[in-house]
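To start, the structure under review is shown below, and the notes come after it.
There are 2 protein chains.
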Amino acid sequence: MGPKFLRPLTAPDAEKGQAVQFGLDNPLTLDSGRTLAPWTLAYMTYGALNAARSNAVLVCHALTGDQFVASAHPVTGKPGWWETMVGPGKPIDTSRFFVICANVVGGCMGSSGPAEIDPATGEPYGLSFPLVTVRDMVRAQAMLRDALGIEKLLCVTGGSMGGMQVLQWAASYPDRVISAIPIACAARHSAQNIAFHEVGRQAIMADPDWHGGAYQLQGTQPSKGLAVARMAAHITYLSEAALQRKFGRNLQSRNGISFAFAPDFQVESYLHHQGMTFVDRFDANSYLYITRAMDYFDLAADYGGVLAEAFRGCKTRFCLISFTSDWLFPTVENKRVAHALNAAAATVSFVEIDTDRGHDAFLLDEPEMFATVRGFLNVVAATQGVA
Amino acid sequence: MGPKFLRPLTAPDAEKGQAVQFGLDNPLTLDSGRTLAPWTLAYMTYGALNAARSNAVLVCHALTGDQFVASAHPVTGKPGWWETMVGPGKPIDTSRFFVICANVVGGCMGSSGPAEIDPATGEPYGLSFPLVTVRDMVRAQAMLRDALGIEKLLCVTGGSMGGMQVLQWAASYPDRVISAIPIACAARHSAQNIAFHEVGRQAIMADPDWHGGAYQLQGTQPSKGLAVARMAAHITYLSEAALQRKFGRNLQSRNGISFAFAPDFQVESYLHHQGMTFVDRFDANSYLYITRAMDYFDLAADYGGVLAEAFRGCKTRFCLISFTSDWLFPTVENKRVAHALNAAAATVSFVEIDTDRGHDAFLLDEPEMFATVRGFLNVVAATQGVA
Chain P
39 MGPKFLRPLT APDAEKGQAV QFGLDNPLTL DSGRTLAPWT LAYMTYGALN AARSNAVLVC
99 HALTGDQFVA SAHPVTGKPG WWETMVGPGK PIDTSRFFVI CANVVGGCMG SSGPAEIDPA
159 TGEPYGLSFP LVTVRDMVRA QAMLRDALGI EKLLCVTGGS MGGMQVLQWA ASYPDRVISA
219 IPIACAARHS AQNIAFHEVG RQAIMADPDW HGGAYQLQGT QPSKGLAVAR MAAHITYLSE
279 AALQRKFGRN LQSRNGISFA FAPDFQVESY LHHQGMTFVD RFDANSYLYI TRAMDYFDLA
339 ADYGGVLAEA FRGCKTRFCL ISFTSDWLFP TVENKRVAHA LNAAAATVSF VEIDTDRGHD
399 AFLLDEPEMF ATVRGFLNVV AATQGVA
Chain R
39 MGPKFLRPLT APDAEKGQAV QFGLDNPLTL DSGRTLAPWT LAYMTYGALN AARSNAVLVC
99 HALTGDQFVA SAHPVTGKPG WWETMVGPGK PIDTSRFFVI CANVVGGCMG SSGPAEIDPA
159 TGEPYGLSFP LVTVRDMVRA QAMLRDALGI EKLLCVTGGS MGGMQVLQWA ASYPDRVISA
219 IPIACAARHS AQNIAFHEVG RQAIMADPDW HGGAYQLQGT QPSKGLAVAR MAAHITYLSE
279 AALQRKFGRN LQSRNGISFA FAPDFQVESY LHHQGMTFVD RFDANSYLYI TRAMDYFDLA
339 ADYGGVLAEA FRGCKTRFCL ISFTSDWLFP TVENKRVAHA LNAAAATVSF VEIDTDRGHD
399 AFLLDEPEMF ATVRGFLNVV AATQGVA
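Quick mapping for you: the protein sequence lines, in order, are chains P and R.
Offset between the first sequence (1-based) and my numbering: plus 38.
Offset between the second sequence (1-based) and my numbering: plus 38.
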């Protein structure tokens, strides 16, 4: 018995996307040794799969992203998180390519995750949900790809944790990924990044409304802790230069500083806004799970500590993109990947884009990134006879 | 009626230090427009004031520092925070110099601050304590200097917020500061630094044990929130390179990752330790007050936005020190100060020390810093006839 599509593939629910349910006979085997069955993967598609099934582009989302790449988010109503990149006539052109994006396993937008109901108990998983890794996320997406009947992906792309998944895709399924565009990422999470994630997790777990992860049963939500986690993380997504340019020491009020603890500076109000809007759309436990997955990511570790071995014999064409002011996944980490790919004799081009916008640049209007992705995909599509 | 020395100057309590109480006739006038009276400044001295009263060196402490520069901390029992720098035969040689260090106003080691008893109510101040600025801290120390009968300070030095105070000292009292060594600081707090501070404050204020700042009355302490604040801040005190060198992705256990949320990585345990030990020695409200003072610091703002004007006509000799890997107060901020001093025709030398230890380098064993301070103080002492 194959997986069950919860919403028909041919007539997707434009708002809520699609979902495929894998039954007891299609368990997801996790790196932890545990299995998940039944389990669900929620996803969106844009454009049409061609007759040769050769025009599929998989987009992998970042920590707080979701499957709504190029259409409105059903909770916030805001545009898709990569509408500048994906759509008709956009660099990832949905009038040519069939774009797939799945909510990662462990996420909170319909895929199996800690906020979903555990079919074994009828209650939310909470912390009983098994920990997942980036490789588990990719393994889950590979099962979706099979369910969709796609042999090879024309391209896998994504930024940040999405880029980690891209690297894992090329390592795990070298014969089924024609090309890969990992953006603003690394082959391993650094000590500093683990440290920032741990601060966020501690902020969440310190919130008494977290209730050991069982807050859904208590009818609460650790909103304050999650907001603090988001605020701390958000600083790392920007650059000092961008913060200086956007906010500097500008005050909220023309009357000067208040000599109080309410936000005096615009940068404080901006951070508060980031924290408050985040808790409306994201599950605190999912934040714990996905940050942990990123921390655990160390691609070389699975290959005797030699990153090049992860790509040995890999036929995938790579296009790496990094940003000069990204201090979360600095260019040096992206270069490590490029060096490993070179050492593995893979085909790789590497573009470092000059911008002061920090890590978040991959989500923003960056013409050089758009031109790079568009040009690279044109070449790759031509080699595969994709119109 | 002059200020009252709570412990005799000639026989200091080696453990708890000394304190001077300023009465109702000696109010501390604050930048907020409020006044503090009576009020107390707790301090330590090391070495002996010479007959000419010309060998006094004032050390200003950083955000979480205190007056225990060169002697054991009375709560933790740990060595003074700058024992590598201050002591007999050390770069700031207490066999030559009379070293003074006061707990800043707003602090929690005996000086008037939110954790102290408000004499007007008999209860802890909590948030009724007035907000203070770096200039207020300096103003308070100037009153201590006067109470000690010292006309001119041979040198004022300190790192981080201590360095901010040094700059303020030179600007506020140009005729009474012979020399100044601001280390790893800036003439204004950046947007990014304000943002990190606000995350810490939000973590504290989100803790239900904070009780709107009145936790002393409730018999609680917002330990979890304060620990999160400390953990986030601590990351900014180090550098990515130092974290990589010290911890990398090293695990706590030889059995590999746990697939759970307990600390798997050594860097996580290290951060937890930093958070837990901090809450034993520091008051959460003081953390709010002092971070706010740093955020408010913008020396140029008091001089029409032109930093050089803060030092116009200043006779103080400056020695600026920064560290290559300090991303909290990067060299560029220190250079801004150097440029302003040059523009004001002040005497200034500037040393950037190559280290991967980040902002915390100023507290660590940095031979080039020691040699710089020692050499500079030798020259300054010679010009003043100090043996």
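Positions of the beta carbon are idealized from the N, C-alpha and C atoms, including for glycine.
No experiment lies behind these values; they were computed from the predicted model shown.
{"query": "Environment of residue 314/R [buried if 16+ CB atoms lie within 10 Å]", "result": "exposed"}
{"query": "Chain R contact residues for residue 166/P, given Cβ-Cβ distances below 7 Å", "result": "Those within 7 Å of residue 166/P in chain R number zero; the least Cβ separation is about 12 Å."}
{"query": "Contact belief for residue 70/R with residue 335/P at Cβ below 8 Å, rounded distance in angstroms", "result": "Wrong, their Cβ atoms sit about 48 Å apart, outside the cutoff."}
{"query": "Presumed contact (8 Å Cβ cut-off) between residue 221/P and residue 258/P, rounded CB distance", "result": "Contact flag wrong, Cβ pair sits at about 37 Å."}
{"query": "Inter-residue spacing [alpha-carbon to alpha-carbon] between residue 60/P and residue 188/P", "result": "17 Å"}
{"query": "Euclidean distance between Cα positions of residue 283/R and residue 357/P", "result": "30 Å"}
{"query": "When 377/P, 422/P, 410/P and 43/P are compared against residue 225/P, the one with the closest alpha-carbon", "result": "377/P"}
{"query": "Cutoff 7 Å: residue 281/P Cβ touching any chain R Cβ", "result": "yes"}
{"query": "Residue 233/R at chain P interface by Cβ criterion, 7 Å", "result": "yes"}
{"query": "With 16 other Cβ atoms within 10 Å as the buried cut-off, status of residue 353/P", "result": "exposed"}
{"query": "Those runs of the beta strand (DSSP E) which lie wholly inside the stretch 135-185 of chain P and span at least 3 residues", "result": "136-140"}
{"query": "Among 286/R, 254/R, 83/R and 142/R, the one whose alpha carbon lies nearest that of residue 93/R", "result": "83/R"}
{"query": "Per DSSP, the bridge partner or partners of residue 356/P", "result": "218/P and 386/P"}
{"query": "Contact list for residue 169/R against chain P, beta-carbon separation under 9 Å", "result": "295, 296, 297, 298 and 299"}
{"query": "From 349/P, 262/P, 126/P and 155/P, residue whose alpha carbon lies closest to that of residue 213/P", "result": "349/P"}
{"query": "Below-7 Å beta-carbon distance, residue 262/R vs any chain P residue", "result": "yes"}
{"query": "Local conformation of residue 95/R per DSSP, three classes", "result": "strand"}
{"query": "CB-CB length for residue 299/P against residue 326/R, believed under 8 Å", "result": "6 Å"}
{"query": "Cβ separation of residue 185/P and residue 58/P, assumed to be a contact under 8 Å, to the nearest whole Å", "result": "5 Å"}
{"query": "Stretch pair the stretch 380-398 of chain R + the stretch 246-263 of chain R: three plus CB contacts closer than 8 Å", "result": "no"}
{"query": "Local Cβ density within 10 Å of residue 197/P, reported as buried at 16 or more and exposed below that", "result": "buried"}
{"query": "Short-range partners of chain P found in the stretch 328-354 of chain R, where Cβ spacing is below 9 Å", "result": "330, 333, 334, 336 and 339"}
{"query": "Burial state of residue 391/P (16 or more Cβ within 10 Å)", "result": "buried"}
{"query": "Exposure of residue 337/P, with buried meaning 16 or more beta-carbon neighbours within 10 Å", "result": "buried"}
{"query": "Contacting residues, own chain, Cβ-Cβ under 6 Å from residue 145/R (five flanking each side not counted)", "result": "151 and 324"}
{"query": "Start and end residues, beta strand (DSSP E) containing residue 194/R", "result": "193-197"}
{"query": "Neighbourhood of residue 275/R by C-beta, 8 Å cutoff - its chain only, sequence neighbours within 5 removed", "result": "366, 396, 397 and 398"}
{"query": "Interface flag, residue 411/R vs chain P, CB-CB below 7 Å", "result": "no"}
{"query": "Inside the stretch 236-293 of chain P only - alpha helix (DSSP H) runs reaching at least 4 residues", "result": "253-256, 261-275 and 278-284"}
{"query": "Beta carbon proximity, residue 273/P to chain R, threshold 7 Å", "result": "yes"}
{"query": "Counterpart residues of residue 361/P in DSSP-defined beta bridges", "result": "391/P"}
{"query": "Interface residues of the stretch 208-231 of chain R facing chain P [CB-CB below 9 Å]", "result": "226, 227, 228, 229, 230 and 231"}
{"query": "Closer than 7 Å to chain P by CB, residue 179/R", "result": "no"}
{"query": "Short CB-CB distance (under 7 Å) between residue 427/P and chain R", "result": "The structure shown has nothing for residue 427/P, since chain P only spans 39 to 425."}
{"query": "Residue 153/R to residue 147/R span [Cα, whole Å]", "result": "9 Å"}
{"query": "Pair within 7 Å by beta-carbon distance, residue 22/R and residue 191/R", "result": "Outside the shown range of chain R (39 to 425) lies residue 22/R, about which nothing can therefore be said."}
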